[in-house]
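All remarks here apply to the structure that follows.
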Amino acid sequence: MAGPASDEVEEFLASLADYVPTIPDELTGHYLQRSGFQCPDERMTRLVSVAAQKFIGDIVNDALQYCKIRMQAASKDKKERGSKQLVLTTEDLAAALKEYGVNISKQEYYADSPQAGTTVTTKDKTK
Numbered sequence: 001m002a003g004p005a006s007d008e009v010e011e012f013l014a015s016l017a018d019y020v021p022t023i024p025d026e027l028t029g030h031y032l033q034r035s036g037f038q039c040p041d042e043r044m045t046r047l048v049s050v051a052a053q054k055f056i057g058d059i060v061n062d063a064l065q066y067c068k069i070r071m072q073a074a075s076k077d078k079k080e081r082g083s084k085q086l087v088l089t090t091e092d093l094a095a096a097l098k099e100y101g102v103n104i105s106k107q108e109y110y111a112d113s114p115q116a117g118t119t120v121t122t123k124d125k126t127k
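In case it helps, the UniProt record's numbering puts the sequence shown at residues 1 to 127.
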């Protein structure tokens, strides 16, 4: 590779050697190894860590926006200006993740559901 673009790439890869990512190299390396990726170059592991950190940051930022919208709608309904403290819910996170194609939904089987047989039904109460 030659030219200014390759120089920028080389400079960026060199800067990764000194960068300490938020996601530890060991964790990223573990998941890369589990997926079958093998590369002795530590910079590649850090590059994946930076990409994962960016992905997580984008999701958290989107979830924050959903939280603000939800809190704003709730304050209009109540017509009172209470605490401005933001509370991130699973629904906010699920909405943000859905934008990225990640579906998190509750499992269909719970211990206290009628399918599990642990709840008292009206039939059981009459006995």
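All residues carry an ideal CB built from backbone N, CA and C; glycine is no exception. Every value quoted in this text rests on a predicted model; they were computed, and no experiment measured them.
Would you mind sorting residue i into buried or exposed? The rule is 16 or more other CB atoms within 10 Å of its CB.
{"i": "S49", "result": "buried"}
{"i": "C67", "result": "buried"}
{"i": "R34", "result": "exposed"}
{"i": "G29", "result": "buried"}
{"i": "T45", "result": "buried"}
{"i": "D18", "result": "exposed"}
{"i": "D41", "result": "exposed"}
{"i": "D7", "result": "exposed"}
Please report the Cβ distance between residue i and residue j, rounded to the nearest whole angstrom; I am assuming they are in contact, meaning their Cβ atoms lie under 8 Å.
{"i": "A96", "j": "I59", "result": "5 Å"}
{"i": "P21", "j": "Q65", "result": "25 Å between Cβ atoms; not a contact."}
For residue i, which residues in the same chain have their Cβ closer than 6 Å to its Cβ, ignoring the five residues on either side in sequence?
{"i": "A94", "result": "I104"}
{"i": "G36", "result": "none"}
Quick one: residues in its chain with C-beta nearer than 8 Å to the C-beta of residue i, no 5 flanking neighbours on either side, listed in chain order?
{"i": "L88", "result": "A63, L64, C67"}
{"i": "L86", "result": "L64, C67, K68, M71"}
{"i": "D25", "result": "E42, T45, R46, S49"}
Excluding the five sequence neighbours on either side, which residues of its own chain have a C-beta within less than 7 Å of the C-beta of residue i, listed in chain order?
{"i": "Y100", "result": "I59"}
Practice task
Any chance you could list the alpha helix (DSSP H) runs of at least 4 consecutive residues sitting entirely within the region 5–47, in chain order?
Solution key: 25–34
Practice task
Can you check the region 47–107 for any alpha helix (DSSP H) of at least 4 residues that lies completely inside it and give the ranges in chain order?
Solution key: With a minimum length of 4 residues, the continuous alpha helix (DSSP H) runs that stay inside the region 47–107 are 90–99.
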